[in-house]
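Report on one structure; see the data block that follows.
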Amino acid sequence: MKGKNQNTDVLVIGAGIAGIEASLMLSKADRKVHLVEKTSYTGGNTIKFEEVFSNMECSTCMVAPRQQELLQDKNINLLTLTDVKEIKGSSGDFTVKIIKKARYVDMNNCIGCNACFEPCPVSLKNEFEEGLSDRKAIYVPCAGALPNVPMIDTDNCLRFKDKKCTACQEACMFEAIDYDQKDEKIELNVGAILVATGYNLFDSKKLNNYCYGKIDDVYTSMEFERLYASNGPTEGNIVLKNGKAPKSVAIIHCVGRDEKGYCSSVCCMYSLKFNHYLKSKIPEVKISEFYTDLCIPGKSHQKFYEKMKETKVNMIRASDIKVVKKDKDIAVEYRNEAGKKSMNSVDMVILAPAVEPKDDASKLAKALGINLDEYGFFKEENTDVSSVISSKTGIFIAGCAQGAKNIQDSVSQASAVVGKILSMSN
Amino acid sequence: MERKIGVYICECGPNIAEKIDIDKVIDALLPIEDVTVVEKFKLLCSAEGKKYLEEQIKKQDLTHLVIAACSPTEHEKTFMEVCENSDLNPYLFQLANIREQCAWITEDKDEATKKAIRLVKAAIGRVRYHSSLEKKEIESNPDVLVIGGGIAGIEASLQLASSDRKVYLVEKNSSLGGLVTNFEKTFLGMKSASDVINRKINDINTNENIKIFTNSEVEEAIGFFGNFEVKIKRTDNENGSVEFDVGAIVLATGSTLFNPDKTPRYGYGKLDNVLTSLEFEKMNLSGKITLKNGKAPKSVAIIHCVGRDEKGYCSEICCMYSLKFARYLVDKIPNIKVTNFYSDLCIPGKTYQKFYDETKGNNVEFIRSFDVEIIKKDNQLNIRYKDENKVKKSLFADMVVLSPAIEPAIDASKVAEITGISQGEEGFFAEEHEKINPISTSTEGIYIVGCAQGPKNISDSVVQSQAAAGKILSSLVPGRKIEPEVKTSQISESFCIGCKTCISVCSYGAITFDEAKKISVVNEVICRGCGNCVAACPSGAASLKHSKFNQIYQEILEAVK
Amino acid sequence: MAEKFEPRIVGFLCNWCSYAGADLAGTSKLKVPASLIPIRVMCSSRVDPVLIETAFLEGADGVLVAGCHPGDCHYDEGNYYTRRRFAVLKKVIEGLGLESDRLRLSWVSASEGQRFADVVNEFNDKIKKMGPSPVKKNKSL
Amino acid sequence: MNKVKGVIIPAKTGIRKTIIDFLEKAMEKGVFDAVIIPMKLPAGDSFAYVLVEDKYLLKNAIPLPPTMFVQGAKAISSVTRLGEGKMKIAAIMRPCEIRAAIELAKLGQINLENMTLISIDCPGVLPTSDFLSNPEKNMKLFDDAAKNLDDKIMRPVCQICDKSSMVSGDIHIGTLGAKKDTVFIISNSKKGEDIADKLGISLKDNIDSWQDKVKSISEEKQKKRKKAHKDLKVKVGGLDNLVEAFSHCINCHNCMRVCPVCFCRLCYFDSDKVKHRSDDYLQKAEVKGGMRFLPDTALFQMGRMMHMSLSCVSCGACEDACSMSIPVAQIFSMIADETQGLFDYISGRSLDEPIPLIAYKEEELEEMEDAND
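Residue numbers (this note's numbering), protein chains in the order written: chain H, 7 to 432; chain P, 670 to 1230; chain V, 37 to 177; chain G, 2 to 374.
Quick look at the structure:
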């Protein structure tokens, strides 16, 4: 970079697929990277998926080698459980204040044997598994999570309530558990920043017509992903709450699209993927997909759609969709293409909610001093030309933090940011 | 040379020690030939453990090292570093995974102990046959060849060129800018397209580190990442050819439109006032949207998805540019009626729907339709279609604009052949990995951007160009040498008989045929060490370093005992 | 049989998927029979059928080749070649009237710790039922 | 695909003479510069492939010798392995030799650029040792048997050969189904058609009687083949039988050396890969209680089946070469049918069909996964 005082280090916020890609590439160019991640693990949402469209590839196999590489990369300083609080300065010379929350487990001492979980007396819903299984107060989100080091959930750990329980500490043979760990305030100096904080799913509870949270066996797409995951709560068995396999499933697209005012671009494809998930586990299952406009852009996606159609999925272009309980079944009421009212009875409903900005996007935008767009995603400088440049020089955006997109486009954006950063001196 | 194999067993706290009787393991290993020391240690991956190992390697004067501990994905690298620090070649080391794949999965301690003994014995058997391997370093050329002078190629060139990196931009046409030069505005900002492209062309023309070859085609590109030899031909000059070397190649050869001639039902080429989207863009750019008779149209139909069925994919951008056309028309011709005939509206991403919502209404109508056909009736263009209830309907319009599918540029196959990369069945260049390596190809050092990789809009094309720049800038640093994979395949010159089986199965084009010697030769810079060629070779001429037959044989021997 | 039969199973596991899946079985503390000795290869396509034949003729009671699911190969297409080679080998063994059931090809991904355990358990049970490989004690082989 | 076309030509002087005349004419017109063809050697009791440059030598040629000393594909490979020469050469061979040549061409061991492959309807060949027991008498026996389509005295694999007529190549000389004193000249490729054209032979479609006869023989042999393989499997299948069948093996590896599709410089199973430290052998012996030396007979045979059964043309050369009378060709043909059948592959059928191990389909062989029950 130009000038003498230009710092070449980079801060990457978010260790999802985009953040990982950028960090590894920057490291390859011998840049020092501070990779800040809010959760205790890397891989973001991508590692929640068993398979990814359209080649139905195993997601873990795709991402885990990169996560592993990340952990072993000496140029990358991975800071988990960390939040960015404030930045000062300008491109080439940013000062960043971050808070690294205590994990209460020493990353260097812990060898990942998981012996500390079992004795923990607390049992809670596991958020990573969308609440479909339980975890302890000391836990890793799922088997195979990286780094494979647990954290203590201080909101629920007895130790942090009555200070008496030391069950996990006693179980640990490596003196890895340290109740006295403190949150750390850290100041970093970097020359450039990448925001790759990912997305949330629209809360389906906000819409009454789908009865999400009211009727059993109405799932969100993320819940369904975990239900199919071989390392998930059911070891990949797709089952209803009663333990039986569903005989008929409705997949409802565009949940929350009207409310958000945009098409989330990935839902049609992953809904079609669900069709594959279901058929591979329950060959005789009947599937109906309720959609408005099929959005399957790009060279390989329609082929996938056509392949899915061979499974005899019932594609229904519908409006005014309502999910109601009818006797033992769930009924999906809708208006068909011709405007006629119609109804389907199913055992299971999967909702494909809109992709929306991360809940803390506005807080982070404020800390960074960059703009959000009207939807709450990080705003690119010029929509028509480059989608990775934020409103502030030296700060870049990639992945779903900038807007709903698939893995390919997220990775492309992350690589593009690296291109931008490495060519800043050009 | 005398072998001195040191074996160290990690207790991993209680993880291994409690599940496996380590002392029994030690007793079983001590009598083995060449094994000079067997010790256990509390935690070998700890700082203390690493120091202990380093001391042991020196003190015991070890020639080979076996560690029985956790999975190689966890700590193989750690222990290889230990070897390096103690001047033991890191490939003279083998890690036996007695934690994940023994202690943690075996209930019975006795069984686990027996299995652990077999695992470590297999490692000892194997390590005996290990050879030292050295990292190689290869000089590389940081310069880049960019093929295609459209917006993607221009962007890539601008990102890449610097005082220590030359870019050669080759364009087959006489001028730069590509398709974008035909557009008046870009969606969605509806900003001037010429502003965007001219600024970039200006930047590129004044950049002394970019050498531009217009009216030129690449004739030859031979070599590999860091070292490609390129030959280009000037099409405007019979004898004009230029040769230079580069380290990487960016393919930005762009796209062309599906020819609606192929689907006669649209009447294209036969009926007046039926235009393709590109013809319409050009007409609009010329300043006047008129019919053949010179008058302005009062009604225009835009037909989406022309050729979609034939091509088998959605071209991604047609819905959006059709909306842009509606804007052109409404802005320029008062009271004009615009009707969009579409099948599925594809407007992904955060800002597109708003553009659609703002365009729709007033005089812009959208009809979901099937089996669209255009005929001449009463001296007017008549669009016949089926609506969403499969009811036959029709509509008159003065002008019809077709939105044909995006196809790879005509010369894509030629470029693919010259550069040795593959194309998907649709003809677009094939990426190394659809999800996580969309810019790379299976040939390292060759990248694909813009519509050459698949239909996409300007913004995504530019992002891909920047991404390719990122890939190149991070891996091809001026002055830095390339470190290729160490554990590559090799083919014995004396055993190879030249059947080329290995060449057929290699996914990376890492094996070439030496026509003079009639044998296959591995390019170790390209080889990624999967070993596919080794299993394919009937002569046993191919072997994979660090995964040799006799190394694996030793493991088998132990496994079956 | 006086002595309890403990099968000897050779497991060729590809580094990126199946070995990782086996590791995950470990991290998840699943129960996997001790009969299988894993041999790590970078890709299942490295597993030369002659290696499998060798293991078979050395008296392995079972040989498992495990790789990434079709389409998931770290090296793009290696496992497709593996599958063809395995099919040919299986035909050869079967054609000679030998016990081709002692050879098994399974796809195990990095997230399929449970599947890895299931595959090995199933295979181990199968081999136990079949009994020791007659090849092992045959002095002429 | 080129359409198969043919013509009936008179053969009053006998088939041998007709073929030689045809070749002479072709050489005269410069269609071929040389011919690879079997010849009787001066000793009188043996035959060899000769690269004939002087067309007057052709008169000594025996296009269909009673026995197969060297598999013809090996001869073509010797001539063209290092690339095509300037000469246009025709090779006259039995169908299984032509097929092996096609396989070798796929494997880069033969260059067909300037080569024309001419096959002849084959009645089979005598086992070499049988022939040598009384060459003169057996020559006559062979000729009679050939005339009468009697295969009882031929090699065992010839007796079950269902591809004894045209499979591939450029030109075929058909004797089956021909009326007295005629033969068929059939073109099977563009190259073959062009040559016929140059020789002024006008090809028509009147080859029905040949096609019918070929078909009926092939069908009959196919049945015989299936049965023979079934019987063989009972005889040699299973560990004990197999060990028994190969118990006489002296590890000479002659079967490999004469095999037309074994093309390696050094056989995998002769290489250091399969040679181990004495301690390793001791360890093996320990497991088994004892082990046979020389070792690896079974690995050699099974390994070779893995390496070349997909290209095996069931010519029988290996069995002929086995000094211990092991029915190795029969066993290989049994296995080859199985492995080739997996991919609907027929060795030597077409140059355009890749050998199955260098190709794949994304969706195939699903039954292989987890298949052990």
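We put the CB at the ideal spot given by N, CA and C, even for glycine.
Source: prediction; values computed, not measured.
Report the three-state DSSP secondary structure of residue i (helix, strand or coil).
| i | result |
| --- | --- |
| Ala49(G) | strand |
| Phe270(G) | helix |
| Met211(G) | Position check: residue 211(G) holds Trp in this sequence, whereas Met was assumed. If DSSP states are grouped into helix, strand and coil, Trp211(G) belongs with the helices. |
| Ile161(G) | coil |
| Asn754(P) | helix |
| Phe159(V) | helix |
| Gln419(H) | helix |
| Lys173(V) | helix |
| Ile88(V) | helix |
| His254(G) | coil |
| His249(G) | coil |
| Gly290(G) | coil |
| Asp1013(P) | coil |
| Met369(G) | helix |
| His733(P) | strand |
Buried or exposed, going by whether 16 or more other CB atoms sit within 10 Å of the CB of residue i?
| i | result |
| --- | --- |
| Gln212(G) | buried |
| Glu1094(P) | exposed |
| Pro1003(P) | exposed |
| Phe1039(P) | exposed |
| Ser96(H) | exposed |
From residue i to residue j, what does the alpha carbon distance come to, in whole angstroms?
| i | j | result |
| --- | --- | --- |
| Cys109(V) | Glu1027(P) | 46 Å |
| Asp232(G) | Leu134(V) | 16 Å |
| Arg151(V) | Ser236(H) | 8 Å |
| Thr81(G) | Ile1151(P) | 41 Å |
| Phe70(G) | Asp163(G) | 22 Å |
| Gly45(G) | Ser219(G) | 33 Å |
| Pro1153(P) | Met68(H) | 22 Å |
| Asn149(G) | Ala92(G) | 26 Å |
| Ser203(G) | Lys13(G) | 19 Å |
| Cys987(P) | Leu1014(P) | 10 Å |
| Thr782(P) | Lys292(H) | 50 Å |
| Val694(P) | Asp112(V) | 40 Å |
| Thr118(V) | Ser81(V) | 5 Å |
Leaving out five residues before and five after residue i in sequence, what residues of the same chain have Cβ atoms less than 6 Å from its Cβ?
| i | result |
| --- | --- |
| Thr1181(P) | Val1190 |
| Pro363(H) | Gly382 and Phe383 |
| Gln160(G) | Asp152 |
Can you list, in chain order, the residues of its chain whose CB lies under 8 Å from that of residue i, leaving out five sequence neighbours each side?
| i | result |
| --- | --- |
| Phe856(P) | Met989, Tyr990, Leu992, Lys993, Phe1024 and Asn1126 |
| Gln223(G) | Asp163 |
Got a sec? Which residues, its chain only, sit under 7 Å from residue i by beta carbon, not counting five neighbours each side?
| i | result |
| --- | --- |
| Lys361(H) | For the sequence presented, residue 361(H) should be read as Val rather than Lys. Closer than 7 Å at Cβ, skipping near neighbours: Tyr205, Leu207, Ser270, Val272, Cys406 and Ala410. |
| Asn906(P) | none |
message = When you compare the region 323-335 of chain G with the region 245-264 of chain G, are there three or more beta-carbon pairs, one atom per stretch, that lie closer than 8 Å?
response = They touch, by the three-pair rule.
ask   = Using 8 Å as the Cβ pair cut-off and three pairs as the minimum, do the region 90-106 of chain V and the region 157-173 of chain V touch?
value = They touch, by the three-pair rule.
inquiry  = Check whether the region 193-203 of chain H and the region 392-408 of chain H touch, using three or more Cβ-Cβ pairs below 8 Å as the test.
reply    = Touching, yes, given that three or more Cβ pairs across the two stretches are closer than 8 Å.
inquiry  = With three or more C-beta pairs closer than 8 Å as the rule, is the region 721-731 of chain P touching the region 801-811 of chain P?
reply    = Result no; under three Cβ-Cβ pairs closer than 8 Å.
The region 56-75 of chain H in contact with the region 109-129 of chain H per 3-pair CB rule at 8 Å = No, because fewer than three Cβ pairs between the region 56-75 of chain H and the region 109-129 of chain H fall closer than 8 Å, the two stretches do not touch.
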